[in-house]
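Those letters in the sequence shown? Residues 394 to 513, by our numbering. One structure below.
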Amino acid sequence: MDRSGLLLSEDDKNLLKIGRALFPRDKGSLIRFKVVKALLLGPKTQAKIVDHLGGADRVSRQAVSKACKELKQVGIIEEIELNGKRKEYRLTVPGKRLLGFLYQIQRELRPYMESGNGEG
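See below:
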């Protein structure tokens, strides 16, 4: 037996990749989540995503580009070509299902989170 004990399967490793894409411990995690939320409203180009995320704390095109690349690598979003040159991004079906599941779990855990002591 391996000294590390538990061995990770390919599914486990893929799950970790998805988790890192959505919830890593860096400042880009908020931008990635905002990109996913923006795409809930329908497909958008990177420029439209930047405009959609505008406001007091403006998001750069580079940050949106990096977020799209990382989310695309794990299959949460996909790229679609329009008229041969313009690209839009949209949530994949598994990406929508994942987000829906996370919101469902969040609603179920809210009483525990609000009480602060693990009791609902």
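We put the CB at the ideal spot given by N, CA and C, even for glycine.
Would you kindly work out how many angstroms separate the C-alpha atoms of VAL428 and PRO504, rounded to a whole number? When rounded, the distance between both Cα atoms is 28 Å.
If we ignore side chains and look at the alpha-carbon of each, how far apart do ILE411 and PHE426 end up? Going by the C-alpha atoms only, they are around 12 Å apart.
Spatial distance of PHE416 from GLU481 (CA atoms): If I take the Cα positions, the gap works out to 23 Å.
With a Cβ-Cβ cutoff of 8 Å, do LEU495 and ILE469 count as a contact? No.
Taking C-beta to C-beta, are ALA431 and GLU463 nearer than 8 Å? The criterion of a C-beta distance shorter than 8 Å is not satisfied by ALA431 and GLU463.
LEU484 by DSSP, collapsed to three states: which one? Strand at LEU484.
Assign LEU400 to one of three DSSP states: helix, strand, or coil. In the three-state reduction of the DSSP assignment, LEU400 falls in the coil class.
Three-state secondary structure assigned by DSSP to ARG479: Strand.
Which first and last residues belong to the alpha helix (DSSP H) in which ARG454 is found? Segment 454-466, the alpha helix (DSSP H) holding ARG454.
Integer Cβ distance of ARG454 from GLN466, believed to fall under 8 Å: Cβ-Cβ separation between ARG454 and GLN466: approximately 19 Å, too far for a contact (criterion under 8 Å).
Selected residue, minimal CA-CA separation from GLU471, among GLY493, LEU433, HIS445 and ALA456: For the options GLY493, LEU433, HIS445 and ALA456, the alpha carbon positioned closest to that of GLU471 is the one of LEU433.
So ALA460 packs on GLY421, CB below 8 Å; how close in whole Å? For a cut-off of 8 Å, the C-beta gap from ALA460 to GLY421 is around 6 Å, short enough to register as a contact.
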